[in-house]
Ligand SMILES: [Fe+2]
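In full-length UniProt numbering, the protein residues as written are 1 to 269.
Listed below in structure tokens is the structure:
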């Protein structure tokens, strides 16, 4: 079914807190292609997290083809569309349902994805496991000027073992420029302690002593976790979510009970 462009105005726009937006289709059978890509891009840039509700989910191929309208798809080893499934009884329960600290996607691949797209095929709300997004543009904007000046001079080196999809070593400047809006963004991934996480990541701050670096990284993480910068998305079956991978870092809350969830993800460069 194709709607005329004027019908875009009938969608309900509901602001999320402290940022983000839900666009709801009252009929419940809208298609993502009913809204021009230019409008969705603008809304995503304005809101950083855009949730579409009342839209039909797409088949795997169709999902990839749709995302291609936005740009080149980042190919991971399993393919263009990644199935993210939390099993009810995984072999390693902690790994499957524990928290995922903040990071941006693409740190260990050649291209940083510009956007990522999710569609939610199955979810039980209220059992934890929310995807948490932190708005680094706001963290940067609100930081004291001397802090921002210090950040601007720093590069962080991330080291990890090659795991399923990624691995290696990468050095990134802490402050980067958003490719579309030109505002400063932070590129930061939290260190992952080998005693807690199956895929440890070591972070060093170039030119800073190890002990001092630890204190610095903890204070940076503390800022990013402040509630005024974080939106936690509790998934509902049928959600389509588009996020700005440059403006945000993201992670996941631990599940507080066994759950079954099925998300599909595509990343666009
Ligand atoms: Fe991620």
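Using N, Cα and C, we set each Cβ at its ideal position, and we do this for glycine too.
Quiz prompt | Reduced DSSP secondary structure (H/G/I, E/B, other) of residue 219 | solution = helix
Practice problem: Using the DSSP secondary-structure output, state which residues sit across from residue 252 in a beta bridge. | Solution: The partner list for residue 252 (beta bridge, DSSP) reads 100 and 131.
Quiz item: If you run the structure through DSSP and keep just helix, strand and coil, what is residue 14?
Solution: strand
Self-check item: Sequence-distant residues of its chain with Cβ nearer than 8 Å to residue 223 (five each side left out)
Solution: 139, 143 and 229
Quiz item: Are the CB atoms of residue 136 and residue 174 nearer to each other than 7 Å?
Solution: The answer is no: Cβ separation not under 7 Å.
Practice problem: Determine, using beta carbons only, whether residue 189 and residue 158 come nearer to each other than 7 Å. | Solution: yes
Quiz item: Between residue 105 and ligand 1, is the CB less than 6 Å from at least one heavy atom?
Solution: yes
Exercise. Grab the span of the beta strand (DSSP E) containing residue 29 for me, first residue to last.
Key: From DSSP, residue 29 is part of no beta strand (DSSP E); its letter is neither H nor E.
Quiz item: With C-beta atoms as the reference, is residue 105 less than 7 Å away from residue 113?
Solution: yes
Quiz item: Roughly how many angstroms lie between the CA atoms of residue 100 and residue 254, to the nearest whole one?
Solution: 7 Å
Quiz item: Helix or strand or just coil, what does DSSP make of residue 198?
Solution: DSSP places residue 198 in coil when its eight states are reduced to three.
Exercise. For the alpha helix (DSSP H) containing residue 138, list its first residue and its last residue.
Key: 136-142
Exercise. Note down the Cα distance separating residue 26 from residue 129, rounded to an integer number of angstroms.
Key: 27 Å
Quiz prompt | Own chain partners of residue 67 with C-beta closer than 7 Å, once the 5 adjacent residues on each side are dropped | solution = 73, 117, 266 and 268
Exercise. Please state if the CB of residue 24 and the CB of residue 53 are separated by a distance shorter than 7 Å.
Key: yes
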